[in-house]
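Data block below; observations after.
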Amino acid sequence: MNRRHFLTAAAVGSAAALAGCNKEQTTTASSACQPAEVIKWKMVTTWPKNFPGLGTGAENLAKLIHEMSGGRIEVKVYAAGELVPALEVFDAVARGTAQIGHGGAYYWKAKHEATQFFTSVPFGFTAQEMNAWLFYGDGLALWQEVYAPFGLVPMPCGNTGVQMAGWFNREINSLADLKGLKMRIPGLGGEVLRRAGGTPVNLPGGELFTALQSGTIDATEWVGPYNDLAFGLYKAARYYYTPGWHEPGSTMEAIFNKQALESLPKDLQSIVLNACKVVNADMLAEFMARNHQALETLKREHGVQVRTLPDDVIAELKKLSAEVLAEVAQHDPLTKKVYDSFIAFRDKVKPWTEVSEVAFLKARG
Ligand code: CA
C-alpha cells in the first residue's frame, strides 16, 4: 500500500469512528461511541506489584491514559520481573518489547552517565526546583537529547520529595563509620559514598529487605517512611537517618518507545505526555500526605530511632559530592552540557529558595 492510499484509508477510518459518535446516534446503541480500534500497549516497571506510591503511580498513569483517551489506548502494567527484570526496563522499551517503562533515570547510569542528573543529584534540587529546571529550564530538553540515541522519549512522571538518608545497622557518629560500609545507594550518591570509603551497591527495591536482614549489606537507602514501612526495613536495621542528602527530590520517569509514541495521532500523543504530568504532580502530593503518617507509625509502633547525620559528615559528603559531579561532567560532552545546565540553574534558583521556602519554613518553625 503506498503512503497516499494509506493516509486516505486512515482518514476514512477516523471519519467513520467520529460519525459513530454523532449526537443523533448515541441513543441507538451503547457501543456507538466505542473507538473503532483500541491501541494496546504494555508498560514495564522497576517496581514490585502495586508498590505504594511508585508502583501505584505507574498504575495511575495507565488508568489516566485509558480514561483521557476515551478508551482508545489500553495499557497493561507489568511489575518488576513479570515481563522483564526491574533493571532491564530501559532495554525492553528501547527494543519495543513494551511501549512504556516506569522507573528512575539513575538506574541507567551504565547506558549514559548523564542519566543520573534526571532523578536527583546529591545536594541538588528539591522537587519544586527540579520541576522548574525540567519544565522551565533546559532540563527536559537535555533529558530527551540523552535518550534520543536509544529510541526513547522520557517524561517526568512522579516525585518522592526529599528522601531519607536510609537504614543503618550501626550508628554513624563520624566519617570513620562510613569506612567499609556496604550500602545500597544507586546513582551519584553511591559514588560519593565510595569516595567516603564505603562500598555502594545497586539492588532493585524488592531485594533490599533480604539483603539487609542477611547482612549482605550494612545499610540501605530506599525512599522515605511510606515506602520503607511497606518493605518492613525497620525489622532489618535499627537506625533511620535523615537528611536525604543524596536524593533531595527524586523524579520518577516514564519512558516511551519513540517509534510507538510517534505512531500515535497528535491528540493521543498529547494525552499520554500530559497524563505523565498529572502523575508527576499527584505522586508528590501523595508522598507528602503518606510519609508523615508512616513516620509516626515507625516511631510509635515499631520504636524506630530517627537520627540526624552529624554536621561534619554532611559537610564532607557535600564536598565529595561537588567533586564527584565535576568529575562525572568530564566523562563526555553531553554529560558536561547537562552538568553545566544543572549548576547554572542551581546557582540561580538558590537565592530565591532562600528568601521564599527556607525563610518561610524558618518563620513557621
Ligand atoms: Ca532512593
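Start counting the sequence shown at 151; every next residue gets the next number (the working numbering).
Each residue gets a CB set at the ideal place from its N, CA and C atoms; glycine is no exception.
Note that this is a predicted model, so its numbers are computed, not measured.
Please go through the same chain and pick out, in chain order, the residues whose beta-carbon is closer than 6 Å to the beta-carbon of residue i, but skip the five residues on each side of it.
i, result
"E341", "V474"
"N352", "P336"
"S471", "P272, F273, V342"
"N281", "none"
"G207", "G308, V429, M433"
"L290", "L284"
Could you compute how far the alpha carbon of residue i sits from the alpha carbon of residue j?
i, j, result
"A167", "E187", "For A167, the predicted model reports a pLDDT of 45, less than 50, meaning its position is unreliable; a value from the coordinates is still stated below. Spanning the two alpha carbons is a distance of roughly 9 Å."
"W138", "Q278", "Absent from the model: residue 138. The displayed extent of the chain is 151 to 515, so no value can be given."
"L233", "Y391", "35 Å"
"E371", "L434", "19 Å"
"T176", "I223", "With a pLDDT of 42 at T176, under the threshold of 50, the modelled position of this residue cannot be trusted; read the value that follows with caution. Those two C-alpha atoms are separated by around 21 Å."
"A298", "K469", "33 Å"
"V429", "V488", "25 Å"
"V373", "G515", "25 Å"
"R496", "F275", "7 Å"
"F268", "A315", "19 Å"
"K293", "K199", "Looking at the sequence shown, residue 293 is not Lys but Trp. Roughly 27 Å between the two C-alpha positions."
"P350", "L423", "34 Å"
"V303", "F406", "5 Å"
"S506", "V312", "17 Å"
"K408", "F359", "35 Å"
"T158", "P415", "Interpretation of T158 is limited by its pLDDT of 40, a score under 50 that renders its predicted location unreliable; no figure is taken from the coordinates."
"G516", "A244", "In this structure the chain extends from 151 to 515, so residue 516 is not present and cannot be described."
"L379", "A509", "31 Å"
When the Cα of residue i is compared with those of the options, which residue comes out closest?
i, options, result
"G453", "V505, E224, K385, K498", "K385"
"G399", "N309, A212, T366", "N309"
"H216", "V239, K192, F201", "K192"
"F285", "G394, V271, C307", "C307"
"P354", "G394, A236, D368, G251", "A236"
"Y201", "L214, W317, A229, S420", "Residue identity differs from the one stated: residue 201 is Phe in this sequence, not Tyr. Ranking L214, W317, A229, S420 by Cα distance to F201 puts A229 first."
"D368", "K332, F381, A242, L379", "K332"
"A431", "I189, G203, W197", "G203"
"V194", "N210, L214, T247, K213", "T247"
Which residue comes first and which comes last in the alpha helix (DSSP H) that contains residue i?
i, result
"M433", "416-452"
"L292", "289-297"
"G339", "337-345"
"R496", "483-503"
"R514", "509-514"
"T195", "Unbroken run through T195 is the beta strand (DSSP E), 189-195; no alpha helix (DSSP H)."
"F240", "239-244"
"M402", "Where M402 is concerned, there is no enclosing alpha helix (DSSP H), although the beta strand (DSSP E) it sits in stretches over 401-407."
"F285", "277-286"
"Y376", "375-381"
Taking 7 Å as the limit between beta carbons, can you name the residues of its chain near residue i, skipping five residues before and five after?
i, result
"L418", "S219, R222, I223"
"D288", "S491"
"A479", "T485, K486, Y489"
"K512", "none"
Between which residues of its own chain and residue i is the CB-CB distance below 8 Å, once the five residues before and five after are set aside?
i, result
"K259", "T265, Q266, P336, G337"
"L325", "A346, G347, D462, V463, E466"
How far does the beta strand (DSSP E) with residue i in it reach, from first residue to last?
i, result
"N210", "Not the beta strand (DSSP E): N210 falls in the alpha helix (DSSP H), residues 205-218."
"E466", "No beta strand (DSSP E) holds E466; the alpha helix (DSSP H) holding it covers 461-479."
"L302", "302-309"
"F318", "316-318"
Would the beta-carbon of residue i be found less than 7 Å away from any heavy atom of ligand 1?
i, result
"S400", "yes"
"Q313", "yes"
"E397", "yes"
"V342", "no"
"E371", "yes"
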